[in-house]
Amino acid sequence: MRLPRRVPWASLAELDQVCAWIYTDENDIDAKVQAIRRLSAWRAVTTLPHALESTLSILTTIVQDSASSGSSSYLHLRQSYASAVIRFVNGFVDPLQLGAYARSISSIAAQLNLPAWLVEVRHAATHEDLPSLEVLREAARDALGWLLHNYFLPSINPSMPAPSQAPPLRPIAPLLKQYKSLLKETTRDASLRSRYKLGITKVLRDIERWIAEAKVAADVSAMALDWGADEDGDRGDAEGDGREQWALEKFSEALLEKGGLIPMSKKKRAVISSSFTPTLSLLSIWTPLINHVCALHPGFPSVLAAKIVSHLTKNTLAEESRAEETISFDSADSTQHISYDMCMASWANWIVCTFDPATDGDDDGARLRDDVVIQLANDLSPLNHQNTQDSNAAQILLKKLCADQPHLQNISSLFGPLASGPSPWSMDDLDMMETRLKALLSTHAADTPMLDSMVEPQVAPIESGPELPRGWRSLSGAEGWKPTPIGVPFGP
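Going from the sequence shown to our numbering is simple: count from 1 and add 18.
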């Protein structure tokens, strides 16, 4: 839940009035002076969001430009405009440098739909010759236009649709493919490790930058950009965890696609039966990446294990259904399906055994093993899971995780494959049910005498004749008919 935040205006009508002063007439300097006075009064009361701070600095420069005369203030105006544009761009981009490695300003600006040329003006004003006054004036007008559509209008009318959609999150599959090819080379020939060390380091950094990019996309996709954040970008631990959770889920989905943690070839999906873990060749390829991500994001093992369990149990929730669309199987190739699930389950077991905090003597907080077992138990319960034929891998994983764990062994004994073959019902079971029904009805015979007739139901024989629909007839005991419990197929 998002915590309430302090805003400078007493009501949205005040913010709407300021917006009207700024944008109703571009040439109305007096209205802009009114907006500057109101924004300055708000800043004296509380810290302004960066959007309003940028608006104030741009408006102040525009008013100074309209009042200036002569060439004496020409350089001063250029510097004022440049400073306003630089602070405008940096204030929105810098708080979104969320990863361990820096990303380019242009890539973050693209996710925010900031005009690319404003980033170029910012770069030129910072590192190159100061742009001309005409260019800086145009940049200030574009910055105010962006603030109108991305801050003022959404704040005044929260229900209005988004002005434009952010560019989609770029795929991470090429980075994972590049990483996999490099690790294959080094695992086959250890002498090549020094040659490919820089390449592996670079692709690991690119993957971490992608995760940081996904964090920004989490806010943009949910239209949850917090324009009221502090200048240092503090948005609260709960919201930060939510963005990281979303980014790690997208990364986990990419890892679980074909050719990722589970090889394309069925021969390479072998599982070490003694420990129920992936083969050493798979571990040697993917362990460096998993360890690298876990070092920067401690919650990654839990997210990845939860995604694996959701696939194994074929959760029908909408979120998990969208994740499973990336992993499609041919229904006729059941062997491929089973081998894929078994290899995936072995990865979940390896993750729990490797990253379970309890193995390091840390008993604080929730244990990873317990969380995975609880998720498996919930998803495998009859209320949530109907197709037990496809849950063999999940049941094996549950038993492996509960082995040698006294407090979990009772859970694993509750789940197992359903009995197959002939129906286990017999006539003795039917007699027992009738006996129990008579005993129950006899306890309420005094209060409900009409129920006595239900103890020995009298069924009037129905003779075949004109009363029955054409083609129907009544069976008798001589013809082999016998009473059968509901849900049990009739048979001799």
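Glycine residues also receive a C-beta, built at the ideal position from the N, C-alpha and C atoms.
Exercise. Does the pairing of the region 75 to 94 with the region 184 to 204 give three or more beta-carbon distances under 8 Å?
Worked result: Three or more beta-carbon pairs separated by less than 8 Å are not found between the region 75 to 94 and the region 184 to 204, which leaves the two stretches without contact.
For this session: Name, in chain order, the residues that DSSP records as bridge partners for Ile-76.
Result: Paired residue(s): none; Ile-76 is not in a bridge.
Problem set entry | Backbone CA spacing between Asn-131 and Lys-276 [nearest angstrom] | Asn-131 and Lys-276: Cα-Cα distance of roughly 33 Å.
Exercise. Which two residues bound the contiguous alpha helix (DSSP H) that contains Ala-120?
Worked result: Counting along the chain, no alpha helix (DSSP H) covers Ala-120, and no H or E run does either.
For this session: Give every residue of the same chain whose Cβ lies closer than 7 Å to the Cβ of Cys-361, excluding the five residues on either side of it in the sequence, and list them in chain order.
Result: Same-chain partners within the cutoff: Ile-280, Arg-287, Val-289, Pro-296.
Exercise. Enumerated in chain order, which unbroken segments of the alpha helix (DSSP H) with a length of 4 residues or greater are wholly contained in the region 152 to 218?
Worked result: Runs of the alpha helix (DSSP H) inside the region 152 to 218: 171 to 174, 191 to 206.
Problem set entry | Identity of the residue in Ala-120, Trp-490, Leu-57, Met-450 nearest Ile-40 by Cα | Comparing C-alpha distances from Ile-40 to each of Ala-120, Trp-490, Leu-57, Met-450 shows the shortest one belongs to Leu-57.
Exercise. Hey, is the region 37 to 53 in contact with the region 134 to 141, meaning 3+ C-beta pairs nearer than 8 Å?
Worked result: The region 37 to 53 is not in contact with the region 134 to 141.
Problem set entry | Member of Ile-303, Met-282, Pro-319 whose CA lies at the smallest distance from the CA of Phe-269 | Ranking Ile-303, Met-282, Pro-319 by Cα distance to Phe-269 puts Pro-319 first.
Exercise. Do you know how far the Cα of Trp-499 is from the Cα of Val-391?
Worked result: So the two alpha carbons sit approximately 47 Å from each other.
Exercise. So, Leu-116 versus Val-234, is the Cβ gap smaller than 8 Å?
Worked result: Less than 8 Å separates the beta-carbon of Leu-116 from that of Val-234.
For this session: On a CA-only basis, which of Arg-61, Leu-415, Ala-143, Phe-106 is nearest Ala-69? Give me that one, please.
Result: For Ala-69, the closest of Arg-61, Leu-415, Ala-143, Phe-106 by C-alpha to C-alpha distance is Phe-106.
For this session: Quick one: grab the DSSP three-state call for Ser-29.
Result: In this structure, Ser-29 counts as coil in the three-state DSSP scheme.
Problem set entry | Cβ-based neighbour list, Ala-161, same chain, cut-off 8 Å, excluding 5 preceding and 5 following | Excluding sequence neighbours, Ala-161 sits near Ser-72, Ile-76, Ala-102, Val-103, Phe-106, Leu-136.
Exercise. In whole angstroms, what separates the C-alpha of Arg-140 from that of His-167?
Worked result: Between the alpha carbons of Arg-140 and His-167 lies a distance of about 21 Å.
Exercise. Which residues in the same chain have their Cβ closer than 8 Å to the Cβ of His-315, if we skip the five residues on either side of it in sequence?
Worked result: Only Ile-229, Glu-262, Leu-266 meet the Cβ criterion.
Exercise. Given a threshold of 16 other Cβ atoms within 10 Å of its Cβ, counted over all protein chains shown, does Pro-26 qualify as buried or as exposed?
Worked result: That one is buried.
Problem set entry | Rounded separation between Ile-225 and Thr-205 - CA only | Straight-line Cα distance between these residues: approximately 20 Å.
Problem set entry | Other residues of its chain near Val-81: CB distance less than 8 Å, five sequence neighbours each side excluded | Within the same chain, Val-81 has close Cβ partners Ile-47, Lys-50, Val-51, Ile-54.
Exercise. Do you know offhand how far Leu-386's Cα is from Ala-324's?
Worked result: Here the C-alpha atom of Leu-386 lies approximately 10 Å from the C-alpha atom of Ala-324.
Problem set entry | Own chain partners of Leu-210 with C-beta closer than 7 Å, once the 5 adjacent residues on each side are dropped | Counting only residues of its own chain and dropping the five nearest sequence neighbours on each side, Leu-210 has a CB closer than 7 Å to the CB of Glu-203, Thr-204.
Exercise. According to DSSP, which residues form a beta bridge with Ile-290?
Worked result: DSSP lists Thr-295 as partners of Ile-290.
Exercise. Excluding five sequence neighbours on each side, which residues of the same chain lie with their C-beta closer than 6 Å to the C-beta of Ala-240?
Worked result: For Ala-240, the predicted structure reports a pLDDT of 44, less than 50, and the residue's modelled location is therefore unreliable. A value from the coordinates is still provided. In its chain, beyond the 5 residues on either side, no residue has a beta carbon closer than 6 Å to the beta carbon of Ala-240.
For this session: Thinking Ala-366 and Val-327 are a contact (beta carbons under 8 Å), I'd like their distance in whole angstroms, please.
Result: Ala-366 to Val-327, Cβ: 6 Å. Contact.
For this session: Return the first residue and the last residue of the alpha helix (DSSP H) that Gly-109 is part of.
Result: For Gly-109, the uninterrupted alpha helix (DSSP H) run begins and ends at 92 to 111, by DSSP.
Problem set entry | The alpha helix (DSSP H) enclosing Leu-493, as first and last residue numbers | Here Leu-493 belongs to no alpha helix (DSSP H), and DSSP marks it neither H nor E.
Problem set entry | Simplified DSSP state of Pro-306, which is helix, strand or coil | If DSSP states are grouped into helix, strand and coil, Pro-306 belongs with the helices.
Exercise. Tyr-92 to Ser-199, Cα distance in whole Å?
Worked result: If I take the Cα positions, the gap works out to 57 Å.
For this session: Check whether the Cβ atoms of Ala-412 and Leu-398 sit closer than 8 Å, and answer yes or no.
Result: Their beta carbons are under 8 Å apart, which means Ala-412 touches Leu-398 by this criterion.
For this session: Report yes if the CB atom of Ala-232 is closer than 8 Å to the CB atom of Leu-187, and no otherwise.
Result: Yes.
Exercise. Can you tell me whether Val-153 is buried or exposed, with buried defined as 16 or more other CB within 10 angstroms of its CB?
Worked result: Val-153 is buried by the Cβ-count criterion.
Exercise. Could you give the distance in angstroms between the alpha-carbon of Pro-503 and the alpha-carbon of Asp-446?
Worked result: For Pro-503 and Asp-446, the gap between their C-alpha atoms comes out near 11 Å.
For this session: Classify Val-473 as buried or exposed, calling it buried when 16 or more other Cβ atoms lie within 10 Å of its own Cβ.
Result: Summary for Val-473: the model assigns pLDDT 44, below 50, so the residue's position carries little reliability; its value from the coordinates is reported in the next sentence. Only exposed fits Val-473, as fewer than 16 other CB atoms lie within 10 angstroms of its CB.
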